[in-house]
Every structure is written in C-alpha cells, then in structure tokens.
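Undergrad: Protein chains in written order, with the working numbering: chain A, 1 to 118; chain B, 119 to 236. We treat Cβ as the ideally placed atom computed from N, Cα and C, and that holds for glycine. Structure provided below as structure tokens; questions to follow.
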DNA sequence: ACCTACATATAGACAGCCTACATGTAGACT
DNA sequence: AGTCTACATGTAGGCTGTCTATATGTAGGT
C-alpha cells in the first residue's frame, strides 16, 4: 500500500476502529491490520502522533491504564469525534465515487457509445 | 474535496484522462472537472508540476504546439505510462476496497451476525 | 543473556498538493 | 484606449501528514 495514498484518510480509519469500543494505540494498529485482511500495516510513528492530533482537535479523549504491568493509553471517541466519523464516511463515499468515476476506463465514451466495439 | 485526499492519486487521474487522446495542461484540468461532474477542480499549481514530474519519470512525453496564437504543451502517454495506468487502476481498486471495508459501519461484526437485524 | 511480543513516544526526512504570483495572447465590450 | 475574461504555462515557497529510525521500558520464554 502506497503510503501517500493514506494521506487524508488516516483520520477516518482511526475514528472508524474506535467506533465500537475504546482501544489503545497498539490495539488500534492490530485492529487495522485485521480489518483490512493484512493490507494496512500502519507504523507506530504514524499512529501515535495521529491519535494525539485527533485528541488535541477534540475528536478523541484518552486515559491511562495499566494491564499486566504494561501501561496503555486508551482512546475513545468523543461526541464530536462521532459526528466527525459520519462526515468522514460520507466524504469517503464521494471521494471513492469521484475518483473511481474518472479512473474508469473509457469513462468519457460511455454516453456516446453506439455500437459494441471490441 | 479535501486536498490531502488526492495525495497519491493525482498521477492516476492525470494518466487516466490522457488515455484516449493527448491533451495540454489546461485541457486536462477541464477534463478532470467535467469527468468528475464538477467535483475535481485541480489548481494549475498542482497540475503543471505533476505533468512535468510524470514526463521526467517517463510516463508522459510532450511537444509544443501553437493554436490560435496560443502556445500549448501537449502531453501524451508513453508505453510505460500506459502500463503504469493499468497498475494505478488495480492499486486504486485495492485501495478503495481496503479503506471502504475498514470504514464500513460495524464492519467487525459482520462475521458474527446470527440473525438478520435491520 | 537473549529474543520476541507488547506498548508508547519523538525527531527529522520526505514528498506532494496548495496558495500566490508572474507572464503573456485573444477577443469582447465600453 | 482601457478593461475584463478566458485561455495557457510556469515557479517559489508553505504546509502538513506519513514514514524511518531511534529511544525507552515491561513481561515471558528459552
């Protein structure tokens, strides 16, 4: 997966995996890996700063917990974050439709096709 | 359309509009606008440098022409560029499938659904 | 002692899309 | 003559988010 392609979609991904339940960073990475069937292996250097950014903006809140002697910072969606997720979802729908439409082979000829031609 | 979302997809877009016929920069911008139903209004400061980059890499070739007293630099796909376009298309398919899959509401519960609900 | 998995964090590199600006022709309107 | 819009290309510099690399530390297995 080309790293640049993720640009501008990371927030949606993060917000989405946190929709059902709060998770800590490491678990979020594993959730993305699992939900994507192994395609999304996002490095910690991407996820942790992104989570902090989303918290700073107000879409997430976090709290520390200690489990099995290890410290975790668990993130959860705020109300604002939940609204944002909805927005990100519809933005994705539009984005995918637009790009997919332009990328479709011979897209511009569809409306002017008269006879099937190999 | 969030600018960052385009990151890493611009090349595919550009290559795609040049598939059928060679076009100059200004016409490419108009083609993107038209094919996207008005959604993709890409600034010249994005398109011209991108076209030069794609030419430098070898996916495009260009030549100058004068039409109606105005100079145009017309770009066309090279064989290499045509191959690249195919690659970009399948990359897009995978990308859209993966992101769409992760973003789908309640995606993680699909496999554990027992009774139809809603 | 060493390795792997778990867990968080930061610094700096890198790349590409954007805003803003510079330059110039053609044609319409006043 | 002056102004405006559309057409047409181009560069400089800003911005921002993802990545690589590194640092730190616990727990558990061999």
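Counting beta carbon pairs with one atom in the region 70-90 of chain A and one in the region 131-150 of chain B, are three or more of them shorter than 8 Å?
TA: Cβ pair count under 8 Å is below three, so no.
Undergrad: Express the C-alpha separation of residue 122 (chain B) and residue 37 (chain A) in angstroms, rounding to a whole number.
TA: Reading the first chain from its first residue, position 37 is the one you call residue 37 (chain A). Reading the second chain from its first residue, position 4 is the one you call residue 122 (chain B). Near 25 Å, if we compare the C-alpha coordinates of residue 122 (chain B) and residue 37 (chain A).
Undergrad: Near residue 47 (chain A), which residues of its chain fall below 7 Å by C-beta distance, leaving aside the five closest residues on each side in sequence?
TA: Your numbering for residue 47 (chain A) matches position 47 in the first chain. Closer than 7 Å at the Cβ level, and outside the excluded window around residue 47 (chain A), lie 25, 28, 29.
Undergrad: I'd like to check one pair, residue 150 (chain B) with residue 141 (chain B): are the Cβ atoms closer than 7 Å?
TA: Looking up residue 141 (chain B) in the second chain gives position 23. Looking up residue 150 (chain B) in the second chain gives position 32. The answer is no: Cβ separation not under 7 Å.
Undergrad: Check this for me: beta carbons of residue 185 (chain B) and residue 35 (chain A), under 7 Å apart or not?
TA: Within the second chain, residue 185 (chain B) is the residue found at index 67, counting from 1. Within the first chain, residue 35 (chain A) is the residue found at index 35, counting from 1. No, the pair does not count as a contact, with Cβ atoms beyond the cut-off.
Undergrad: What does DSSP give as the partner residues of residue 9 (chain A) in its beta bridges?
TA: What you label residue 9 (chain A) is simply residue 9 of the first chain in a count that begins at 1. None, per the DSSP bridge assignment.
Undergrad: In whole angstroms, give me the CA-to-CA distance for residue 236 (chain B) and residue 177 (chain B).
TA: Along the second chain, read from residue 1 onward, the residue named residue 236 (chain B) stands at position 118. Along the second chain, read from residue 1 onward, the residue named residue 177 (chain B) stands at position 59. Only weak support is given to the placement of residue 236 (chain B): the predicted model assigns it a pLDDT of 29, under 50, and the value that follows is read from those uncertain coordinates. If you take the alpha carbons of residue 236 (chain B) and residue 177 (chain B), they lie about 48 Å apart.
Undergrad: Against chain A, which members of the region 200-228 of chain B pass a CB distance test of less than 8 Å?
TA: Those would be 206, 207, 209, 210, 212, 213, 214, 216, 217, 218, 219, 220, 221, 223, 224, 225, 226, 227, in chain order.
Undergrad: Leaving aside the five residues before and after residue 160 (chain B) along the sequence, list all residues of the same chain whose C-beta is less than 7 Å from its C-beta, in chain order.
TA: Along the second chain, read from residue 1 onward, the residue named residue 160 (chain B) stands at position 42. For residue 160 (chain B), where only same-chain residues beyond five positions count, the Cβ hits under 7 Å are 147, 150.
Undergrad: Considering only the beta carbon of each residue, do residue 130 (chain B) and residue 212 (chain B) sit closer than 7 Å?
TA: The sequence position of residue 130 (chain B) within the second chain is 12, counting from 1. The sequence position of residue 212 (chain B) within the second chain is 94, counting from 1. Contact: no.
Undergrad: Would you identify the three-state DSSP class for residue 90 (chain A), choosing helix, strand or coil?
TA: On the first chain, position 90 is the one that residue 90 (chain A) refers to. Residue 90 (chain A) falls in the helix class under three-state DSSP.
Undergrad: Between the beta-carbon of residue 120 (chain B) and the beta-carbon of residue 8 (chain A), is there less than 7 Å?
TA: Counted from its first residue, the second chain places residue 120 (chain B) at position 2. Counted from its first residue, the first chain places residue 8 (chain A) at position 8. Cβ atoms of residue 120 (chain B) and residue 8 (chain A): closer than 7 Å.
Undergrad: Anyone know if the C-beta pair for residue 168 (chain B) and residue 128 (chain B) falls short of 7 Å?
TA: For the purposes of this step, residue 168 (chain B) is identified with residue 50 of the second chain, where counting begins at 1. For the purposes of this step, residue 128 (chain B) is identified with residue 10 of the second chain, where counting begins at 1. Result yes, Cβ atoms of residue 168 (chain B) and residue 128 (chain B) sit closer than 7 Å.
Undergrad: May I ask you to report which of helix, strand or coil DSSP gives residue 72 (chain A)?
TA: Mapped onto the first chain, residue 72 (chain A) falls at position 72. In the structure shown, residue 72 (chain A) sits in a strand (DSSP, three-state: E or B).
Undergrad: Given this structure, state the Cα-to-Cα distance separating residue 171 (chain B) from residue 85 (chain A), to the nearest angstrom.
TA: As a working note, residue 171 (chain B) is residue 53 in the second chain. As a working note, residue 85 (chain A) is residue 85 in the first chain. Spanning the two alpha carbons is a distance of roughly 35 Å.
Undergrad: Is the distance from the Cβ of residue 78 (chain A) to the Cβ of residue 62 (chain A) below 7 Å?
TA: For this step, residue 78 (chain A) is matched to residue 78 along the first chain. For this step, residue 62 (chain A) is matched to residue 62 along the first chain. No, these two residues do not count as a Cβ contact at 7 Å.
Undergrad: What in chain B is Cβ-close to residue 13 (chain A), meaning under 9 Å?
TA: Translated into the one-based positions of the first chain, residue 13 (chain A) becomes position 13. Those are 217, 220, 221, listed as they occur along chain B.
Undergrad: Opposite residue 66 (chain A) in the DSSP bridges: which residues?
TA: As a position in the first chain, residue 66 (chain A) is number 66, starting the count at 1. Residue 66 (chain A) is bridged to A:71.
Undergrad: For residue 198 (chain B), name the three-state secondary structure that DSSP assigns.
TA: Locating residue 198 (chain B) in the second chain gives position 80, counting from the first residue. In the structure shown, residue 198 (chain B) sits in a helix (DSSP, three-state: H, G or I).
Undergrad: Applying a beta-carbon distance threshold of less than 7 Å, which residues of chain B neighbour residue 25 (chain A)?
TA: The count along the first chain starts at 1 and reaches residue 25 (chain A) at position 25. None at all; the shortest Cβ gap to chain B is about 16 Å.
Undergrad: Is residue 2 (chain A) close to chain B? Criterion is C-beta to C-beta, closer than 7 Å.
TA: Numbered from 1 along the first chain, position 2 holds the residue referred to as residue 2 (chain A). Chain B contact via Cβ: present.
Undergrad: Do residue 209 (chain B) and residue 96 (chain A) have their C-beta atoms within less than 7 Å of each other?
TA: Numbered from its first residue, the second chain carries residue 209 (chain B) at position 91. Numbered from its first residue, the first chain carries residue 96 (chain A) at position 96. No. Outside cutoff.
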